[in-house]
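> Chains Z and B, in that order, are what the protein sequence lines are.
Under the working numbering, the letters of the first sequence match residues 4 to 394, in that order.
Under the working numbering, the letters of the second sequence match residues 4 to 394, in that order.
Quick reminder that beta carbons are idealized off the backbone N, C-alpha and C, glycines included.
In this text the structure is predicted, and so the values were computed from the model without any measurement.
Below: one structure in structure tokens.
Protein chains: 2
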Amino acid sequence: MNNFTFYSPTYFAFGKDEENKVGALVKRFGGSKVLIHYGGGSVVRSGLLGRVKASLETEGLPYVELGGVKPNPRSGLVYEGIELCKREGVDFILAVGGGSTIDSSKAIAAGVVYEGDFWDFYSGKTIEKALPVGTILTIAAAGSEGSPDSVITNEDGMYKRGASGDAIRPKFSILNPALTQTLPPYQTACGITDIMAHLYERYLTNTKEVEVTDRLIEALLLTMIHEGPRVIENPDNYDARANIMWAGMMAHNNAVGVGRSQDWNSHNIEHELSALYDCAHGAGLAVTMPAVFHYVMNHDVMRFAKVAVRVWGCQMDFDHPEVTAKAGIEALRNFLISIGMPKNFAELGAKEEDIPKLVDVLVNGNGRSGSISGFVSLNAEDCANIYRLMV
Amino acid sequence: MNNFTFYSPTYFAFGKDEENKVGALVKRFGGSKVLIHYGGGSVVRSGLLGRVKASLETEGLPYVELGGVKPNPRSGLVYEGIELCKREGVDFILAVGGGSTIDSSKAIAAGVVYEGDFWDFYSGKTIEKALPVGTILTIAAAGSEGSPDSVITNEDGMYKRGASGDAIRPKFSILNPALTQTLPPYQTACGITDIMAHLYERYLTNTKEVEVTDRLIEALLLTMIHEGPRVIENPDNYDARANIMWAGMMAHNNAVGVGRSQDWNSHNIEHELSALYDCAHGAGLAVTMPAVFHYVMNHDVMRFAKVAVRVWGCQMDFDHPEVTAKAGIEALRNFLISIGMPKNFAELGAKEEDIPKLVDVLVNGNGRSGSISGFVSLNAEDCANIYRLMV
């Protein structure tokens, strides 16, 4: 196991009706004027936004609003949010929504207290300082509610990049599984896929002797395999939603990923798809992961055999471990298809002829020089081969 | 799943040589004069105390020392520490040792800023305020490095009680697995047992639909079963020590225990043994757990069958689940014996004739009125029956 530091100071309030505590929590964590940041109309229509405002008003907390966050959140709205906060003297950012809204809120929080262009942070600069952020999560997926990360799409070229820093870890996150019950099955399945991807990206390691984190990752994957189909079958299943929601946080606050190298190439390869086609990140991952895993499997067959046996219940083929390894990847693919995820470029709306463009932005864009690193280092040819496996 | 809050703001620095960062970490978390609190001579002999002092001196941090913490830490030394800190103007408590030293440090930290008798907190009062505490852990066991809990033995009657509060969660904890390599096998095994007990106490729940935490607890138990024998066979196995150390923290910061009722009756029943006979807490738990589990098994046979199958690899007897449930308890007992733990009262140094006394303090002492509650509520007769199963 490698040396590491782990710091996850977010206060989590989990369960039914917990969003009504939001005013008190903003106050507890030092907010006196709030930006409520959200996406589309669903938080308005569901009455959630009204309850949030009521709770802030009860605590005497003034607020301004900025809606309009889109999936794969854009740099333009971040600039707008930064200006708004500066103009209005906002000192606390409250995200009401999913990972896109939270990531956009984190970008605003960092940008408000920074002299330069906030995009510096998405070009490699660590975020050292930010306004406090709180979240009310409405979809279990990105894990942004407990992470120090944010991903934004730059509209000048349509490419996604990430930024990171303990300063943007949410001060509090309110997780009410009931708020996710109104999600359509497709979005729910996208969230499930994203959570499973966060687990696989951590599972694919070159670090030896990491049994504790292997087992914890497997535990969360097993949870998703058990609860995923239940919630797709019955969207109102509160308990299945609750198990998925805590698994989603645990999958990405890094408690299960410490002390080991991680992969993140499936995310990197997918990011270009959702940036170019504006498809759902989870849907893109569903197509990307099996392709990447088949391509890199021979780098460590036993690791893929291990997840196949322990998580997917495959029988170990002791004479031909690669048979087991492959069976595990196919089990993942079939699972994702079974919950309604796309299986190839066509179903995703991606085009084979764009592969050269995708590869170029992927391996040469924004500071990279010809390859992406992770479990296996992948050059332009590797990435093109992987994209072709998805066709 | 039940509603819950989860808050674990401790900063963890994990790995080789991390103790040399202690001065910088004390400073980061606001300390300007430090009490170094520790147990016996091993931290002196190993050179650890010297390295700690050097790191504090490098940062220009003055300190005073208080050694002498014993296993099952005593109230007398806590009073002494409180007086010392008040006299010397200490504003940061640094625990260098295991769970006993950390628990004693937490008690001092709470006592220094409290007008009344610190024992109030161990009689049910929540700790709202305390000096900041940091830790350098030297044994993987109690989980106190990441928990809001402390257990102290009152010398006026020799009984153990716990106190709790977010204010005593360590600000930072330094976990260097190499520091645990000098531990004798017996102490190492006691630590392994304590960690497994923290997991079983959480596993035994009456809350339904808690797959995510069930799976996480099982993951940590599987880790202990894999790594425990490796470290007993080779105490210098750094990687096995590292996996156990992170499992020990994760077992008790409650990330794997949220949203579910928990048991803690094995701990309650054991506490009277270590208080009266001054045996190691882990050794006491090794004798206590199988007895408690056999006694309460029929309350939820399927839960015991589940842990038997998923963790101990028992075959499920679908016609007679109780056979599987029992096999799992026996597998736990045999595992604990295999790593060198005692199996009965005699090996623990406990006496059958003391059972009435043990039961009386257990169910009537310090605010209890005739029973202890948990997975199953146990009255005096139940507790006597359980102690008799240990003879």
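Taking beta-carbon pairs under 8 Å, can you tell me which members of the segment 188-218 of chain Z lie near chain B?
Against chain B - using a Cβ distance shorter than 8 Å - the residues of the segment 188-218 of chain Z are 211, 212, 213, 214, 215, 216, 218.
> Would you kindly report the start and end of the unbroken beta strand (DSSP E) that includes residue 68/B?
Per DSSP, residue 68/B belongs to the beta strand (DSSP E) from 66-69.
> Taking all protein chains shown into account, do 16 or more other C-beta atoms lie within 10 angstroms of the C-beta of residue 65/B, making it buried, or fewer, making it exposed?
Burial call: exposed.
> To test your reading of the DSSP string, which unbroken beta strand (DSSP E) runs of 3 or more residues are found completely within the segment 61-115 of chain Z?
With a minimum length of 3 residues, the continuous beta strand (DSSP E) runs that stay inside the segment 61-115 of chain Z are 66-69, 95-100.
> Kindly list, in the order they appear in chain B, the residues whose Cβ is closer than 8 Å to that of residue 249/Z.
What residue 249/Z touches in chain B: 4, 215, 216, 261, 262.
> Give me, in chain order, the residues of the same chain whose beta-carbon lies closer than 7 Å to that of residue 359/Z; leave out the 5 immediate sequence neighbours on both sides.
Excluding positions up to five away in sequence, the list is empty.
> Quick one: which chain B residues come within Cβ less than 8 Å of residue 292/Z?
In chain order: nothing, as chain B lies at least about 21 Å away.
> Would you identify the three-state DSSP class for residue 37/B, choosing helix, strand or coil?
Note: residue 37/B maps to strand in three-state DSSP.
> Assuming contact is defined by CB atoms lying nearer than 8 Å, are residue 176/B and residue 146/B in contact in what I supplied?
The answer is no: Cβ separation not under 8 Å.
> Mind listing which residues of the segment 277-307 of chain Z have their C-beta closer than 8 Å to chain B's C-betas, in chain order?
Those residues of the segment 277-307 of chain Z that come within reach of chain B (Cβ to Cβ, closer than 8 Å) do not exist; the list is empty.
> Report yes if the C-beta distance between residue 136/Z and residue 98/Z is below 8 Å; otherwise report no.
Yes; because the gap between Cβ atoms is below 8 Å, this pair is in contact.
> Quick check: the Cα distance between residue 104/Z and residue 42/Z, rounded to an integer number of angstroms?
Answer to the nearest angstrom: the Cα atoms are 6 Å apart.
> Just verifying my parser: in three-state terms, what is the DSSP assignment at residue 165/Z?
The answer is strand: DSSP assigns residue 165/Z an E or B state.
> Please list, in chain order, the residues of the segment 228-249 of chain Z that have any C-beta partner in chain B closer than 7 Å.
Those would be 229, 230, 242, 245, 246, 249, in chain order.
> Round the Cβ separation of residue 397/B and residue 129/B to the nearest angstrom and send it over; I've been treating them as touching at under 8 Å.
Nothing in the structure corresponds to residue 397/B, since chain B is present only between 4 and 394.
> What whole-angstrom Cβ distance do residue 140/B and residue 96/B have, given they're in contact under 8 Å?
Not a contact, Cβ separation roughly 15 Å.
> Can you give the beta carbon distance from residue 184/Z to residue 244/Z, rounded, assuming they're within the 8 Å contact cut?
The Cβ separation is near 6 Å, so the contact holds.
> Which of helix, strand or coil does DSSP assign to residue 217/Z?
Helix at residue 217/Z.
> Straight-line CA distance for residue 352/Z to residue 288/Z?
If you take the alpha carbons of residue 352/Z and residue 288/Z, they lie about 13 Å apart.
> Taking Cβ positions, are residue 115/B and residue 85/B nearer each other than 8 Å?
Yes.
> Please name the residue or residues paired with residue 389/B in a DSSP beta bridge.
In DSSP, residue 389/B forms no bridge with anything.
> Is it true that the CB of residue 366/Z sits closer than 8 Å to the CB of residue 1/Z?
Chain Z is shown from 4 up to 394; residue 1/Z falls before or after that span and cannot be answered.
> Around the C-beta of residue 191/B, are 16 or more other C-beta atoms found within 10 angstroms, so that it is buried, or is it exposed?
Its Cβ being crowded by 16 or more others within 10 Å, residue 191/B is buried.
> Looking at residue 345/Z: is its Cβ nearer than 8 Å to the Cβ of residue 295/Z?
Contact flag unset, no.
> What are the partner residues of residue 137/Z, as DSSP defines its beta bridges?
DSSP lists 97/Z, 175/Z as partners of residue 137/Z.
> Check distances from the C-beta atoms of the segment 147-161 of chain Z to those of chain B and list, in chain order, the residues that come in under 9 Å.
Cβ contacts with chain B: none found.
> Can you give me the C-alpha to C-alpha distance between residue 326/B and residue 260/B, rounded to a whole angstrom?
Those two C-alpha atoms are separated by around 27 Å.
> For my contact list, residue 178/B and residue 32/B are in at a C-beta cut-off of 8 Å; report their separation, rounded to the angstrom.
That pair is no contact at about 16 Å.
> Run down chain B in chain order and give the residues with a C-beta less than 7 Å from the C-beta of residue 12/Z.
Chain B residues near residue 12/Z: 12.
> Just tell me which of 219/Z, 272/Z, 257/Z, 210/Z has its CA closest to the CA of residue 361/Z.
If we check each option's Cα against that of residue 361/Z, 272/Z comes out closest.
> Determine whether the Cβ of residue 381/B lies closer than 8 Å to any Cβ atom of chain Z.
Cβ-Cβ to chain Z under 8 Å: no for residue 381/B.
> Output the distance between the C-alpha atoms of residue 377/B and residue 112/Z, rounded to the nearest integer angstrom.
Their backbone Cα atoms lie some 44 Å apart in a straight line.
> In the DSSP assignment, what residue or residues form a beta bridge with residue 374/Z?
Partner(s): 382/Z.
> If distances are taken between C-alpha atoms only, which option among 222/B, 338/B, 8/B comes closest to residue 293/B?
Here the closest residue by C-alpha is 338/B.
> Using the rule of at least 16 other Cβ atoms within 10 Å of the residue's Cβ for burial, across every protein chain shown, is residue 371/Z buried or exposed?
By the 10 Å Cβ count, residue 371/Z comes out exposed.
> With a threshold of 8 Å between beta-carbons, can residue 325/Z be considered close to chain B, or not?
No, its Cβ sits nowhere closer than 8 Å to a Cβ of chain B.
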